[in-house]
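Have a look at the structure below before the remarks.
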Amino acid sequence: MERPIVAIVGRPNVGKSTLFNRLIGKRVAIVEDTPGITRDRLYGDAEWTGHQFVVTDTGGMLVSETDPITVQVVQHAEIAIEEADVVIFLVDVRDGVVATDWVIAERLRRGKKPVFLAANKVENPEHERQAHEFYQLGLGEVYPISGLQGIGVGDLLDAVVEHFPDFEALEDLPEEALRIAIVGRPNVGKSSMLNAILGEDRCIVSEIPGTTRDAIDTLMERDGKMLALIDTAGIRKSGKIQGSPEYYYVLRAIRALERCDVAAIVIDGSAGLMDGDKRVAGYTKEAGKAAVLVVNKWDLCRSGPEAKFTRTFAAELRKEMPFLPYAPIVFASAKEGQGISETVDAAVAAAENYAQRIGTGELNRLIHDAVDAKPPAERGRPFKIYYSTMTSVKPPTVVLFANDPDLLHFSYARYLENQIRKIHPYEGTPIRIMARRAESERSAK
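FYI, the numbering for the sequence shown is 245 to 689, going by our numbering.
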């Protein structure tokens, strides 16, 4: 299910990263008492009173020394309004209302998104009285908070979650449809890839408005299978500003990944592998989705022996993306129609593997044989697996019932995964392996 996105915006050094860290419950954002320390946007999962959402920590909105109302301030506000569902506008109660706050407030006031004005660094009654000054910005209720100490944050979140949109499920999509999201950084050829897929098969069933803003999910039939193609290619004009495409393609990838079975991660082969490619691939891994790596524009990479160059590029992908060893690599050219069928075939196979279940009896025999061949290394108390089962799919999730779950080392979990893949390759999909305490061990305690 798609989750709402909450963006924290404001000028530099008002405590956005501190609030971000508190909301996600981890120290991820860099916090320094230096303006502008947050260079890249950060994204994290948060939950409040049962509501799950994505929170983004944006870079500070700067003003020029020579021009207090710079284009940059307005553009960053535009980005926050455009893609977020709810905006938290953070100000510093100790500084009072400054010129940049007025600029940001003016743009937020013209938007249609819910905006919550939070006066940060309120740590005593005097600060709380000073927070009333921000009512003059015309954004309604002012929430006095301390992101560092947690004061007032609960009241702020209570109000925020009440304004989350209701995401409607795609009721018109057949339940059996395999959902394929086309994701990647800007200008890698996502739209061209979508058009090439549709042009090759020429069997479009319908176009259905998706829950991703301005996206159209295209339903098509191929070889008797229903496919729903989720396009994330569109980036508006305002998204072409310096430094802003990152914000757009990551948020849109996150939204698409919420709803897909498999992600076709499109990479521009002519430009080579970039950090943005790895970032989108990393979100796919974190979302637990199946994946296919599609190296597009391969028609521009024909200098030298193609087979050798293909092997070299594939080896680089494996080296730079070790977290996606199961994702097949397809070399394609949307422009020339090469590798399009292979891309769809790989995505369909990955989606089917994503939903493939191994029976409990077979899985137990497989795990038992793997443990016999290589018992867990003993570090004090031995790790004992009593039985195992695949509790769910999408992705395939194996639970090992053992004497002590804490004794399962990540390297041994990886060994068991590799043994499973020897029998069931599960190409294109991750396999999750976790341990739980067996009932017999609970009783013994």
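Ideal placement from N, C-alpha and C gives every residue a C-beta, glycine not left out.
Note that the structure is predicted; figures quoted are calculated from it, not measured.
Boundaries (first-last residue) of the alpha helix (DSSP H) holding residue i
i	result
Phe654	Phe654 to Ile667
Asp589	Ile584 to Tyr598
Ala617	Thr604 to Ala617
Tyr527	Asp519 to Glu530
Contacts around residue i, its chain only, beta-carbon distance under 6 Å, and the 5 residues preceding and following it disregarded
i	result
Gln374	Val337
Leu544	Ser514
Ala614	Leu660 and Gln663
Phe297	Arg247, Pro248, Val250 and Ala290
Lys690	Nothing in the structure corresponds to residue 690, since the chain is present only between 245 and 689.
Ala472	Leu417, Ala421, Arg423, Asp461 and Leu463
Leu651	Phe627
Gln600	none
Sequence-distant residues of the same chain with beta carbon closer than 7 Å to residue i, five excluded per side
i	result
Ile602	Met634 and His668
Ala690	Here the chain has residues from 245 to 689 only, and residue 690 is not among them.
Pro649	Ala679, Arg680 and Arg681
Ala558	Ile573
Glu560	Leu517
Leu383	Phe333, Ala349, Leu352, Arg353, Val359 and Leu361
Glu194	The structure shown has nothing for residue 194, since the chain only spans 245 to 689.
Phe553	Cys545
Given residue i as reference, the closest of the options once Cα atoms are compared
i	options	result
Val643	Ala682, Val331, Arg665 and Ile424	Ala682
Ala646	Gly672, Lys638, Ile611 and Gln663	Ile611
Pro430	Phe567, Ile509 and Arg555	Ile509
Gln393	Asp521, Leu267 and Ala425	Leu267
Pro369	Gly384, Leu473, Lys356 and Ser390	Ser390
Asp399	Phe378, His653, Phe360 and Tyr570	Phe360
Leu401	Pro358, Ser632 and Gly382	Pro358
Thr604	Asn364, Ser636, Pro409 and Asp512	Ser636
Met565	Glu606, Ala595 and Asp519	Asp519
Glu326	Ala362, Glu419, Arg354 and Gly516	Arg354
Ile332	Glu350, Ala363 and Val341	Ala363
Val432	Gly581, Gly516, Ser261 and Leu383	Gly516
His407	Gln380, Lys365, Glu465 and Asp329	Asp329
Arg609	Gly294, Thr641, Ile629 and Glu502	Ile629
Glu530	Pro620, His653, Asn257 and Ala507	Ala507
Val253	Pro639, Val299 and Pro409	Val299
His295	Phe654, Pro409, Gln380 and Asp521	Pro409
Ala617	Asp512, Tyr656 and Tyr670	Tyr656
Thr293	Val405, Ala593, Lys638 and Arg623	Val405
Arg625	Leu501, Lys563, Pro639 and His653	His653
DSSP three-state assignment for residue i, whether helix, strand or coil
i	result
Ala578	coil
Thr725	Only positions 245 to 689 of the chain appear in the structure, and residue 725 is not among them; the question remains open.
Thr556	helix
Asp543	helix
Lys533	coil
Ala500	helix
Ala621	coil
Lys469	strand
Arg601	coil
Ala440	helix
Glu291	strand
Asp445	Because Asp445 carries a pLDDT of 41, less than 50, the predicted location of this residue cannot be relied on, and the following value inherits that uncertainty. It is helical.
Host beta strand (DSSP E) of residue i (start-end)
i	result
Leu267	Looking at the DSSP string, Leu267 is not in any beta strand (DSSP E); the run it does join, the alpha helix (DSSP H), is Lys260 to Ile268.
Ser636	Ile629 to Ser636
Phe567	Looking at the DSSP string, Phe567 is not in any beta strand (DSSP E), and its letter there is neither H nor E.
Asp301	His295 to Asp301
Val253	Ile249 to Val253
Leu651	Careful: Leu651 lies outside any beta strand (DSSP E) and carries neither H nor E.
Ala507	Val506 to Asp512
Ala682	Looking at the DSSP string, Ala682 is not in any beta strand (DSSP E), and its letter there is neither H nor E.
Ala646	Thr641 to Ala646
Nonlocal neighbours in the same chain, by C-beta distance under 8 Å from residue i, ignoring five residues either side
i	result
Val574	Val536, Leu537, Val538, Val539, Gly583, Glu586, Thr587 and Ala590
Pro312	With a pLDDT of 46 at Pro312, under the threshold of 50, the modelled position of this residue cannot be trusted; read the value that follows with caution. Result list for Pro312: Ala343, Thr344 and Val347, in chain order.
Ala403	Phe360, Glu385 and Tyr387
Leu504	The identity of residue 504 in the sequence shown is Cys, whereas the question assumes Leu. Excluding sequence neighbours, Cys504 sits near Arg423, Ile424, Ala425, Ile474 and Lys533.
Asn439	Ala578
Proximity test, Cβ basis, 9 Å: residue i and chain B
i	result
Ala375	Judged by its chain identifiers, the structure shown contains no chain B, having just a single protein chain.
*Sequence ranges, alpha helix (DSSP H) only - wholly within the stretch 373 to 428, length at least 4*: 397 to 405
*Go through the stretch 328 to 361 residue by residue and report every complete run of the beta strand (DSSP E) that reaches 3 residues or more, in order.*
330 to 336
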